[in-house]
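**Student:** Got a structure for you, written out below as structure tokens; questions coming shortly.
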Amino acid sequence: MIVLTTDTFPGREVEPLGMVRGSTVRAKHIGSDIVAGLRNLVGGEVKEYAALLAGAREQAMDRMIAEARSLGADAIIAARLETSTIAQAASEILAYGTAVKFR
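1468 is the number that this note's numbering gives to position 92 of the sequence shown; each next residue is one higher, with no gaps.
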């Protein structure tokens, strides 16, 4: 599945099928919090959180693509990712875009 952040598909005429989305909610692990707290003292990337969010982004994208496939889409345009905190220790990753069929 081709996923673009642009609002059009260059060189192709498309028929919009509708909005598609995928999301996941991930909670922090207490062990990661301890390591992250220590890393805050010395600085640097908090790799435990980076890995958690990378996995969550992939899962949200996979769910969005699965929804587009179920509509018979050839591609997704205007794709976006958003992150929001929904609880003190949990975040939602949302992927959304417009499923399109090539003409």
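Note that beta-carbon positions come from the ideal geometry of N, C-alpha and C, so glycine has one too.
Tell me whether the beta-carbon of Met1440 lies closer than 7 Å to the beta-carbon of Val1390.
**Tutor:** As a working mapping, residue 1440 is identified with position 64 in the sequence shown. As a working mapping, residue 1390 is identified with position 14 in the sequence shown. Contact: no.
**Student:** Terminal residues of the continuous alpha helix (DSSP H) containing Met1440?
**Tutor:** Taking the sequence shown and counting its residues from 1, one reaches residue 1440 at position 64. First-last of the alpha helix (DSSP H) with Met1440: 1423-1446.
**Student:** Just the C-alpha distance for Ala1430 and Pro1392, rounded to the nearest angstrom, thanks.
**Tutor:** On the sequence shown, residue 1430 is found 54 positions in, with the first residue counted as 1. On the sequence shown, residue 1392 is found 16 positions in, with the first residue counted as 1. One C-alpha to the other measures close to 29 Å.
**Student:** Specify the secondary structure class of Thr1474 as computed by DSSP and reduced to three states.
**Tutor:** What you label residue 1474 is simply residue 98 of the sequence shown in a count that begins at 1. It is a strand residue.
**Student:** CB-CB under 6 Å to Asp1450, same chain, minus the five flanking residues each way: which ones, in chain order?
**Tutor:** Within the sequence shown, the letter at position 74 stands for residue 1450. Cβ neighbours of Asp1450 beyond the five flanking positions: Lys1477, Phe1478.
**Student:** Go ahead and label Thr1474 buried or exposed: buried means 16 or more other beta carbons lie within 10 angstroms of its beta carbon, across all protein chains shown.
**Tutor:** On the sequence shown, residue 1474 is found 98 positions in, with the first residue counted as 1. It counts as buried.
**Student:** Rounded to whole angstroms, what's the CA-CA distance from Asp1438 to Val1422? Just pull it up for me.
**Tutor:** For this step, residue 1438 is matched to residue 62 along the sequence shown. For this step, residue 1422 is matched to residue 46 along the sequence shown. In a straight line, the C-alpha of Asp1438 is about 25 Å away from that of Val1422.
**Student:** Please report the straight-line C-alpha distance between Ala1426 and Ser1460, rounded to a whole angstrom.
**Tutor:** Residue 1426 sits at position 50 when you count from the first residue of the sequence shown. Residue 1460 sits at position 84 when you count from the first residue of the sequence shown. Spanning the two alpha carbons is a distance of roughly 15 Å.
**Student:** Secondary structure at Leu1380, three-state DSSP: helix, strand or coil?
**Tutor:** Counted from its first residue, the sequence shown places residue 1380 at position 4. In the structure shown, Leu1380 sits in coil (DSSP, three-state: anything other than H, G, I, E or B).
**Student:** Who are Leu1457's beta bridge partners in DSSP?
**Tutor:** On the sequence shown, position 81 is the one that residue 1457 refers to. Leu1457 pairs with Ala1471.
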